[in-house]
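Trainee: Take this structure, written in structure tokens, and hold onto it; I'll ask about it next.
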Amino acid sequence: MSWSFTATCAPLLRDDVDTDQIIPARFLTTTTKTGLGEKLFADWRYDGSGAPRPGFPLNDPAHGGAQVLLAGANFGAGSSREHAPWARVDYGFRAIVARSFADIFAGNALKNGLLVIALTDEAHEALRQSVERDPQVRVQVDLEAQTVALPDGSKERFPIDGFMKHMLLEGIDELGYLRGFLPEIAAFEGARGAAPAG
Amino acid sequence: MAHAAADAPGRTLFEKVWESHVVAREPERPTVLYVDLHLVHEVTSPQAFSELAARNLEVRRPDRTVATMDHSTPTRRGSDGRFAIVSDAARSQLETLRDNCRRHGIELFALGEEGNGIVHVVGPERGLTQPGMTICCGDSHTSTHGAFGALAFGIGTSQVGHVLATQCLLQRRPKTFRVTFDGRLPAGIEAKDLILALIARIGVGGATGHVLEYAGPAIEALDMEGRMTVCNMSIEAGAKAGMIAPDDTTFAYLAGKARAPQGEAWDQALERWRALPTDPDAAFDRELRLDARTIAPRITWGTNPGQGIAIDEPVPDPAEVADAQLRGQVARALRYMDLEPGKPLLGRKVDVVFVGSCTNARLTDLRAAAAVFAGRRVAAGVRALVVPGSVAVKAEAEREGRDRIFTDAGAEWREPGCSMCIAMNGDRIEAGQYAVSTSNRNFEGRQGPGGRTFLASPATAAAAAVTGRVADVREVLR
Chain S
71 MSWSFTATCA
81 PLLRDDVDTD
91 QIIPARFLTT
101 TTKTGLGEKL
111 FADWRYDGSG
121 APRPGFPLND
131 PAHGGAQVLL
141 AGANFGAGSS
151 REHAPWARVD
161 YGFRAIVARS
171 FADIFAGNAL
181 KNGLLVIALT
191 DEAHEALRQS
201 VERDPQVRVQ
211 VDLEAQTVAL
221 PDGSKERFPI
231 DGFMKHMLLE
241 GIDELGYLRG
251 FLPEIAAFEG
261 ARGAAPAG
Chain U
329 MAHAAADAPG
339 RTLFEKVWES
349 HVVAREPERP
359 TVLYVDLHLV
369 HEVTSPQAFS
379 ELAARNLEVR
389 RPDRTVATMD
399 HSTPTRRGSD
409 GRFAIVSDAA
419 RSQLETLRDN
429 CRRHGIELFA
439 LGEEGNGIVH
449 VVGPERGLTQ
459 PGMTICCGDS
469 HTSTHGAFGA
479 LAFGIGTSQV
489 GHVLATQCLL
499 QRRPKTFRVT
509 FDGRLPAGIE
519 AKDLILALIA
529 RIGVGGATGH
539 VLEYAGPAIE
549 ALDMEGRMTV
559 CNMSIEAGAK
569 AGMIAPDDTT
579 FAYLAGKARA
589 PQGEAWDQAL
599 ERWRALPTDP
609 DAAFDRELRL
619 DARTIAPRIT
629 WGTNPGQGIA
639 IDEPVPDPAE
649 VADAQLRGQV
659 ARALRYMDLE
669 PGKPLLGRKV
679 DVVFVGSCTN
689 ARLTDLRAAA
699 AVFAGRRVAA
709 GVRALVVPGS
719 VAVKAEAERE
729 GRDRIFTDAG
739 AEWREPGCSM
749 CIAMNGDRIE
759 AGQYAVSTSN
769 RNFEGRQGPG
779 GRTFLASPAT
789 AAAAAVTGRV
799 ADVREVLR
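Heads up: the protein sequence lines correspond to chains S and U, in order.
Okay, so the first sequence: first residue is 71 according to my numbering, each after it adds one.
Okay, so the second sequence: first residue is 329 according to my numbering, each after it adds one.
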């Protein structure tokens with residue numbers, strides 16, 4: 071997977087978007103990760119009869135094919151359901167640009183190769199205005215450099231956990247990495263004996 | 329004051345639990361943190377078990393893993409006495425959990441069995457949840473278990489797989505945030521009111537990146553079930569976890585529980601547990617003090633748990649909100665809730681009342697609701713559902729005769745489960761309806777597409793059921 075890409079943005083700028091909006095709970099009775107993209111934002115995207123709501127950004131042809139979601143503050147609040155990033159990846163998003171993220175969502179997203187990019191208020195506002203003026207403007211995301219190039223020509227550096235960045239760039243499998251510690255884990259268990267608590 | 333040496337500063341409760349679970353720590357890398365207890369349910373585990381199967385891995389410590397069925401489970405039996413499972417998908421999810429537990433030798437409290445219930449009710453009531461432990465579950469309300477002085481937090485399904493395979497997680501150390509509640513809660517004010525007041529104060533992202541420690545006389549005065557309600561909603565402030573120092577209330581609750589240490593092991597555990605509370609000279613990254621004496625019954629008016637007011641306050645008026653972003657949010661929430669700006673919620677007609685969830689479905693909660701239902705009737709046109717948190721809670725409530733109080737009042741008394749909190753088992757409200765709910769999330773459509781939720785305490789919910797309106801329980805009981 072390339073970690074440098076350019077993409078258009080779909081704006082969803084309200085703050086505190088929760089995971090129940092990203093993927094409503096009634097779709098969680100699944101035992102796989104696939105097919106969730108069509109349920110992404112289901113209650114905002116579709117009306118009661120299942121028809122697309124015209125005002126919703128993901129239904130706007132001008133934002134068709136957008137691989138970046140431009141969100142507000144505290145994106146992904148609420149439940150720990152990994153179905154939320156699964157739905158986004160299944161839909162075709164590669165990154166979310168926001169003012170800030172909820173912790174569990176951000177962690178889950180990175181584990182699925184979905185970049186979470188927090189911008190300063192100023193840069194976020196500049197991007198919002200660019201996208202509002204022209205939905206076809208593109209951002210260029212570069213994970214290695216930890217930068218996102220905005221349509222106005224400016225380049226913003228974004229924070230990311232150094233270890234997660236390394237894992238993504240090198241394609242390291244997190245469970246495999248963790249299993250590398252099995253000797254230490256066994257030693258830890260041995261040292262504590264049979265006591266159940268810490 | 330304890331006299332800590334200058335080179336050994338005091339440590340917080342969180343730091344003590346964290347430090348004692350570090351398996352490996354390398355520069356720049358996340359810590360490998362050991363997990364003492366892994367709780368599992370049907371919704372967030374199937375893909376993790378599939379991952380193990382794909383890699384041909386076993387569950388490392390089935391003895392530290394306990395599963396229950398709660399989210400997709402029906403709370404009603406059909407006329408044939410069998411549970412009416414909502415869909416084939418839900419049935420398949422429950423069967424998948426059963427198969428996975430059998431395959432890996434994991435203890436399972438299956439639907440209808442003794443011991444079954446909501447995961448965050450089952451852990452404490454069996455004595456599985458203990459002070460000083462690290463506890464994880466693929467469920468954000470795992471923060472509940474912090475009421476015992478455990479470090480407990482929700483994880484995603486990838487991490488469920490990590491814990492199944494290694495009993496460990498890769499973790500960055502969070503910051504610490506102590507909230508001290510001075511004074512005592514006024515009579516009739518519940519733990520739910522306290523935590524809703526805090527979230528309204530600091531906001532739904534107010535504790536992001538932090539582990540909360542709740543402290544002060546008002547917290548110490550809470551029973552364990554109240555403390556669980558408080559810690560349960562830590563995630564609604566964005567916190568990694570919420571913790572309360574273990575004390576004699578904690579130990580009295582645990583003594584004699586099925587899975588708590590017994591005999592000599594109990595004495596040794598007590599000694600460890602008594603050393604857990606935050607040292608007097610320990611420092612937190614953030615601190616906040618609030619006065620518990622001024623807390624009134626709380627209710628939410630909006631679409632996140634931070635959008636709340638005291639029961640007798642008006643809902644906000646966007647015209648009076650200075651910040652443009654916040655003004656937009658308030659206006660949007662009022663529009664979804666179809667509420668008039670600046671008007672009181674008191675007296676607003678309600679359609680559904682739900683008493684239940686991992687926040688408020690324990691015995692104390694049911695008693696508080698029953699005290700209001702007793703001798704009264706559910707108002708005409710209102711549907712009231714009381715859903716106990718576990719098979720054990722249900723049995724004990726019935727032994728006390730509370731079920732009769734609910735059913736005599738005209739409320740439905742159901743089998744245990746998450747039910748209408750998350751509305752994935754068929755229990756839900758209809759579009760446009762208003763519910764007063766003792767659950768933890770008032771997100772749009774959380775209790776059913778188009779449904780509108782007011783979060784409140786069990787007593788306030790019961791007051792709404794018997795009056796048919798948003799009501800001040802203090803007036804109802806007067």
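All C-beta atoms, glycine included, are put in the ideal place defined by N, C-alpha and C.
Using a Cβ-Cβ cut-off of 6 Å (strictly less than) and excluding sequence neighbours within five positions of U:I463, which residues of its own chain qualify?
Mentor: Along the second sequence, one-based indexing puts residue 463 of chain U at 135. Apart from the 5 residues on each side of it in sequence, U:I463 sits with its Cβ closer than 6 Å to the Cβ of L365, H473, A478 and A480 in its chain, given in chain order.
Trainee: Can S:A172 be considered in contact with the ligand SAM, in the sense that its beta carbon sits closer than 7 Å to one or more heavy atoms?
Mentor: The ligand SAM is absent from the structure shown, which contains no ligand whatsoever.
Trainee: Pick out whichever of U:V363, U:A597 and U:L616 has its Cα sitting closest to the Cα of U:T494.
Mentor: Here residue 494 of chain U refers to the residue found at position 166 of the second sequence. Comparing Cα positions, the closest option is U:V363.
Trainee: Taking contact to mean 3 or more Cβ pairs, one atom from each stretch, closer than 8 Å, check whether the stretch 777-786 of chain U and the stretch 121-129 of chain S are in contact.
Mentor: no
Trainee: Whose C-alpha, out of U:T631, U:S471 and U:D408, is nearest the C-alpha of U:V658?
Mentor: Locating residue 658 of chain U in the second sequence gives position 330, counting from the first residue. Comparing Cα-Cα distances from U:V658 to each of U:T631, U:S471 and U:D408, the minimum goes to U:T631.
Trainee: Strictly below 7 Å CB to CB, what residues from chain B border U:R660?
Mentor: Going by chain labels, chain B is absent from the structure shown, which instead holds the protein chains S and U.
Trainee: State the start and end residues of the unbroken beta strand (DSSP E) segment that holds U:P452.
Mentor: Against the second sequence, residue 452 of chain U aligns to sequence position 124. Per DSSP, U:P452 belongs to no beta strand (DSSP E); it is in the alpha helix (DSSP H), V447 to E453.
Trainee: For U:M665, which residues from the same chain have a beta carbon less than 6 Å from its beta carbon, with the 5 sequence-adjacent residues on both sides left out?
Mentor: Stepping through the second sequence from its first residue, residue 665 of chain U is reached at position 337. Here the set comprises R780.
Trainee: Is any beta-carbon of chain S found at less than 8 Å from that of U:Q761?
Mentor: Counting from 1 along the second sequence, the entry for residue 761 of chain U is found at position 433. With 8 Å as the cut-off, U:Q761 does not count as an interface residue toward chain S.
Trainee: U:G859: which of U:D607, U:D575, U:F476 and U:C749 sits nearest, CA to CA?
Mentor: No answer is possible for residue 859 of chain U: it lies beyond the span of chain U, which begins at 329 and ends at 806.
Trainee: Can you tell me where the beta strand (DSSP E) holding S:P81 begins and where it ends?
Mentor: As a working mapping, residue 81 of chain S is identified with position 11 in the first sequence. Membership of S:P81 in the beta strand (DSSP E) is indicated by the continuous run S74 to L82.
Trainee: Residues of the stretch 75-101 of chain S with a CB closer than 8 Å to any CB of chain U: list them in chain order, please.
Mentor: R84, D85, D86, D88, D90, Q91, P94, A95, R96, L98, T99, T100 and T101
Trainee: Skipping 5 residues on each side, what residues in its chain have a beta carbon closer than 6 Å to that of U:I517?
Mentor: Your numbering for residue 517 of chain U matches position 189 in the second sequence. Cβ within range, chain order: I623.
Trainee: Nearest CA to the CA of U:R512: which residue from U:R500, U:V721, U:C496 and U:G544?
Mentor: On the second sequence, position 184 is the one that residue 512 of chain U refers to. It is U:G544.
Trainee: When DSSP builds the beta bridges, which residues end up paired with U:M571?
Mentor: Stepping through the second sequence from its first residue, residue 571 of chain U is reached at position 243. Its beta-bridge partners are U:E541.
Trainee: At the level of alpha carbons, what is the spacing between U:V680 and U:I757?
Mentor: Along the second sequence, one-based indexing puts residue 680 of chain U at 352. Along the second sequence, one-based indexing puts residue 757 of chain U at 429. If I take the Cα positions, the gap works out to 7 Å.
Trainee: Give me the Cα-Cα distance between S:I230 and U:K344, rounded to the nearest whole angstrom.
Mentor: Position 160 of the first sequence, counted from the first residue, corresponds to residue 230 of chain S. Position 16 of the second sequence, counted from the first residue, corresponds to residue 344 of chain U. Inter-residue distance for S:I230 and U:K344 is about 28 Å (C-alpha atoms, whole angstroms).
Trainee: Kindly indicate which residue of S:T217, S:M237, S:S150 and S:R262 has the alpha-carbon position closest to the one of S:L189.
Mentor: Translated into positions along the first sequence, residue 189 of chain S becomes position 119. Residue S:T217 is the option with its Cα nearest to S:L189.
Trainee: Does DSSP classify U:E435 as helix, strand or coil?
Mentor: Here residue 435 of chain U is taken as the residue at index 107 of the second sequence, counted from 1. The answer is strand: DSSP assigns U:E435 an E or B state.
Trainee: DSSP three-state call for U:A789: helix, strand or coil?
Mentor: For the purposes of this step, residue 789 of chain U is taken as residue 461 along the second sequence, with counting starting at 1. Correct three-state label for U:A789: helix.
Trainee: With a 10 Å radius around its C-beta and 16 neighbouring C-beta atoms as the bar for buried, classify U:P633 as buried or exposed.
Mentor: Within the second sequence, numbered from 1, the residue matching residue 633 of chain U stands at position 305. Its Cβ being crowded by 16 or more others within 10 Å, U:P633 is buried.
Trainee: Could you spell out the range, first to last residue, of the beta strand (DSSP E) harbouring U:D800?
Mentor: Mapped onto the second sequence, residue 800 of chain U falls at position 472. No beta strand (DSSP E) holds U:D800; DSSP gives it neither H nor E.
Trainee: Please check the pair U:E370 and U:L456, which I expect to be a contact at CB under 8 Å, by giving their CB distance rounded to whole angstroms.
Mentor: In the second sequence, residue 370 of chain U corresponds to position 42, counting from 1. In the second sequence, residue 456 of chain U corresponds to position 128, counting from 1. That pair is no contact at about 18 Å.
Trainee: Quick check on S:D204: does DSSP put it in helix, strand or coil?
Mentor: For the purposes of this step, residue 204 of chain S is taken as residue 134 along the first sequence, with counting starting at 1. Here S:D204 sits in coil by DSSP.
Trainee: Which first and last residues belong to the beta strand (DSSP E) in which U:C749 is found?
Mentor: The count along the second sequence starts at 1 and reaches residue 749 of chain U at position 421. First-last for U:C749: undefined, no H or E at that position.
Trainee: Skipping 5 residues on each side, what residues in its chain have a beta carbon closer than 8 Å to that of U:P358?
Mentor: By 1-based counting over the second sequence, the position of residue 358 of chain U is 30. Hits under 8 Å: L498, Q499 and R500.
Trainee: For U:V794, does the three-state DSSP call read helix, strand or coil?
Mentor: Residue mapping note: residue 794 of chain U aligns to position 466 of the second sequence, counting from 1. The answer is helix: DSSP assigns U:V794 an H, G or I state.
Trainee: Opposite S:V138 in the DSSP bridges: which residues?
Mentor: As a working note, residue 138 of chain S is residue 68 in the first sequence. According to DSSP, which records beta bridges pairwise, S:V138 is partnered with S:C79 and S:A165.
Trainee: Give the list of continuous alpha helix (DSSP H) stretches no shorter than 4 residues that lie fully inside the stretch 582-629 of chain U.
Mentor: 591-602
Trainee: Taking contact to mean 3 or more Cβ pairs, one atom from each stretch, closer than 8 Å, check whether the stretch 671-686 of chain U and the stretch 701-716 of chain U are in contact.
Mentor: yes
Trainee: Does the separation of the CB atoms of U:A792 and U:V678 fall below 8 Å?
Mentor: As a first step, residue 792 of chain U is located in the second sequence; it is residue number 464 there, counting from the start. As a first step, residue 678 of chain U is located in the second sequence; it is residue number 350 there, counting from the start. Against a cut-off of 8 Å, the Cβ pair of U:V678 and U:A792 comes out as a contact.
Trainee: By the three-class DSSP mapping on this structure, what secondary structure does U:I757 have?
Mentor: Against the second sequence, residue 757 of chain U aligns to sequence position 429. U:I757 falls in the coil class under three-state DSSP.
Trainee: Kindly list, in the order they appear in chain U, the residues whose Cβ is closer than 7 Å to that of S:F258.
Mentor: Counted from its first residue, the first sequence places residue 258 of chain S at position 188. Correct list: V351 and Y362.
Trainee: Is it right to say U:T557 is buried, meaning 16 or more other beta carbons lie within 10 angstroms of its own, or is it exposed?
Mentor: Translated into positions along the second sequence, residue 557 of chain U becomes position 229. Buried.
Trainee: List the residues that DSSP assigns as beta-bridge partners of U:T393.
Mentor: The residue you call residue 393 of chain U lines up with position 65 of the second sequence. Residue pairing for U:T393: DSSP places it in a beta bridge opposite U:H366.
Trainee: Helix, strand or coil: how does DSSP classify U:P502 here?
Mentor: Position 174 of the second sequence, counted from the first residue, corresponds to residue 502 of chain U. Coil, per DSSP.
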